[in-house]
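Heads up, the thing below is written out as structure tokens.
And the structure:
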């Protein structure tokens, strides 16, 4: 069935390190892909999205490219900050509107 | 614009008791979703409304969970009787685009959630 698989966490990095969080999906058709972020004590927020193959979503220095051939949507950031510490969720959406989420990856960034 | 409002933020109950959560979506958003997020897992869709009609409730445990969206605006999710495994955060989300959106590109806006602890 439809599903999203995210890289196992938690991920711990030093400030200014490079970040990659892997995400692969299994879905019917060509869904839109999303990364949502949940900061401590806050609700889920959209970080970025891509709606078709080879699209690159970007926001706040984060990027992810929709790779249809590998059914992947890996999240990257060149230089993380302490304020990026949060839980990151990969998700895909269908024409019915609902989102299917991965299990989440906890990121902790140390000064 | 005001965000998605949810209440209560926290609720602690004994097993077999009942509980209700309320959600007020962003004004004008036709579609409303209830998700369950168990600790350490991603959110799982319980029910999706388009205006006041149900689009998808395939993962709603209907023997104990119920939800309604009267007048197509705010919504209530009820659990009766609660079980220990219902301990989770219940997230409400809304979106402007209804069913049939372009390849699911519609963005969901989430509320802060209601954290339920069942003892």
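Residue numbers (the numbering used here), protein chains in the order written: chain A, 1 to 111; chain B, 112 to 230.
Using N, Cα and C, we set each Cβ at its ideal position, and we do this for glycine too.
Small disclaimer: the values here were computed from a predicted structure and weren't measured.
Roughly how many angstroms separate the alpha carbons of residue i and residue j, rounded to a whole number?
i, j, result
"residue 214/B", "residue 94/A", "Confidence is the limiting factor: at residue 214/B the pLDDT is only 46, short of 50, which leaves the residue's position unreliable and the question unanswerable from this model."
"residue 45/A", "residue 127/B", "33 Å"
"residue 68/A", "residue 150/B", "31 Å"
"residue 203/B", "residue 190/B", "15 Å"
"residue 49/A", "residue 226/B", "27 Å"
"residue 156/B", "residue 22/A", "23 Å"
"residue 115/B", "residue 229/B", "25 Å"
"residue 13/A", "residue 78/A", "12 Å"
Along the chain, where does the beta strand (DSSP E) containing residue i start, and where does it finish?
i, result
"residue 81/A", "Taken as a continuous stretch (DSSP letters only), residue 81/A belongs to no beta strand (DSSP E), as it is neither H nor E."
"residue 110/A", "105-110"
"residue 137/B", "Element bounds for residue 137/B: n/a, residue is neither H nor E."
"residue 59/A", "56-59"
"residue 136/A", "Nothing about residue 136/A can be read from this structure; chain A reaches only from 1 to 111."
"residue 194/B", "Segment: none, residue 194/B is in no beta strand (DSSP E) and carries neither H nor E."
"residue 200/B", "199-206"
"residue 62/A", "62-65"
"residue 155/B", "155-161"
"residue 37/A", "32-38"
"residue 52/A", "Where residue 52/A is concerned, there is no enclosing beta strand (DSSP E), given that its DSSP letter is neither H nor E."
From the options, pick the residue whose C-alpha is nearest to that of residue i; which is it?
i, options, result
"residue 200/B", "102/A, 79/A and 41/A", "41/A"
"residue 172/B", "207/B, 121/B and 193/B", "193/B"
"residue 165/B", "97/A, 38/A and 82/A", "97/A"
"residue 11/A", "76/A, 66/A, 64/A and 59/A", "76/A"
"residue 101/A", "9/A, 33/A and 55/A", "33/A"
"residue 205/B", "222/B, 195/B and 196/B", "222/B"
"residue 92/A", "63/A, 56/A and 31/A", "31/A"
"residue 161/B", "113/B, 207/B and 224/B", "207/B"
"residue 108/A", "26/A, 2/A, 1/A and 16/A", "16/A"
"residue 36/A", "27/A, 57/A and 70/A", "57/A"
Got a sec: is the Cβ-Cβ distance from residue i to anything in chain A below 9 Å?
i, result
"residue 226/B", "no"
"residue 192/B", "no"
"residue 204/B", "yes"
"residue 183/B", "no"
"residue 113/B", "no"
"residue 152/B", "yes"
"residue 223/B", "yes"
"residue 219/B", "yes"
"residue 214/B", "The pLDDT assigned to residue 214/B is 46, lower than 50, so where the model puts this residue is not dependable, and the model offers no usable value."
Tell me the DSSP secondary structure of residue i in three-state form.
i, result
"residue 182/B", "helix"
"residue 171/B", "coil"
"residue 10/A", "coil"
"residue 230/B", "coil"
"residue 221/B", "strand"
"residue 86/A", "strand"
"residue 70/A", "coil"
"residue 211/B", "Low confidence applies to residue 211/B: its pLDDT is 46, below 50, so where it sits in the model is not reliable enough to give any reading."
"residue 129/B", "coil"
"residue 187/B", "strand"
"residue 100/A", "strand"
"residue 143/B", "strand"
"residue 43/A", "coil"
"residue 1/A", "coil"
"residue 124/B", "strand"
"residue 151/B", "coil"
"residue 176/B", "strand"
With 9 Å as the threshold, decide whether the Cβ of residue i is near any Cβ in chain B.
i, result
"residue 99/A", "yes"
"residue 44/A", "yes"
"residue 39/A", "no"
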